[in-house]
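For the sequence shown, the UniProt record's numbering gives the first residue as 1, with consecutive numbering after it.
Encoded as structure tokens, the structure appears first; notes follow it.
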Amino acid sequence: MTAQGGVATCPDFAPARVVLDLQIAPLRTDYSQSIRQLAQKPGRRPVAGRTANSHTLGLAAIQYNQQWQAGVMTASLGQGRYCGAAQTLTVTFGYDERTVYVARELPQGSCIHGEVLAHEMRHVTVDEQLLREYVPVLKRRLEDVVGRARPAQGRSERQVMAAIEQPIKAAMRQLMEEFGRERNARQARIDTPAEYERISQSCNGEINRYLGRV
1 MTAQGGVATC PDFAPARVVL DLQIAPLRTD YSQSIRQLAQ KPGRRPVAGR
51 TANSHTLGLA AIQYNQQWQA GVMTASLGQG RYCGAAQTLT VTFGYDERTV
101 YVARELPQGS CIHGEVLAHE MRHVTVDEQL LREYVPVLKR RLEDVVGRAR
151 PAQGRSERQV MAAIEQPIKA AMRQLMEEFG RERNARQARI DTPAEYERIS
201 QSCNGEINRY LGRV
């Protein structure tokens, strides 16, 4: 909305409101991929991929993503100048893909299949817990960013929009980097040398029976 008539200063804008939409994709399981195919998938290699001569026995493929949109109100200051401020910041954040793979060489119902699946589900649990913890942090930090922002001015509404979005972009980039680092650290605490060894030795060495088929 643009104010009518020329004014020297920006009008008083209502405080911005942050709306956070949490996204958690349904969890899928896929037992159709071979050990070779799992080894070629991008992303984190789980503990099962570091045991049994480094064969990739399972994988938790969980991708997080974020999107945001600022709703901005502008006003004309006259003489070709504008000002504006964010009124809403709508953020969608969470996991847009969640698939747990167990290699097809491991028969469903076998002991080793259950061990690999249980390990990958630990990664799923960690991701779900971290997301629950991080959502209020994300909302609080973004509320602080938009709360501290002063109305922006420019020679066009596009310039005003760019000035308003710049600190939001910077904050989102930092928040996602922090989330990624914390996620990697928590997942690494699952994938320990002791866990590598436990998977290899579990089920009375049953895995060796199936690796001969690779």
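All residues carry an ideal CB built from backbone N, CA and C; glycine is no exception.
| query | Using the beta-carbon count (16 or more within 10 Å), is ASP127 buried or exposed? | reply | buried
| task | Please check the pair SER34 and ALA103, which I expect to be a contact at CB under 8 Å, by giving their CB distance rounded to whole angstroms. | result | 6 Å
| query | If we count the other Cβ atoms within 10 Å of its Cβ and call it buried at 16 or more, is GLY84 buried or exposed? | reply | buried
| Terminal residues of the beta strand (DSSP E) in which LEU77 lies | 58-78
| Exposed unless 16 or more other CB atoms sit within 10 angstroms - verdict on GLU105 | buried
| GLU157: first and last residue of the uninterrupted alpha helix (DSSP H) it sits in | 157-188
| query | Which residues bound the beta strand (DSSP E) around residue 253? | reply | Given a span of 1 to 214 for the chain in the structure shown, any question on residue 253 remains unanswerable.
| Beta bridge counterpart(s) of ARG98 as assigned by DSSP | ILE62
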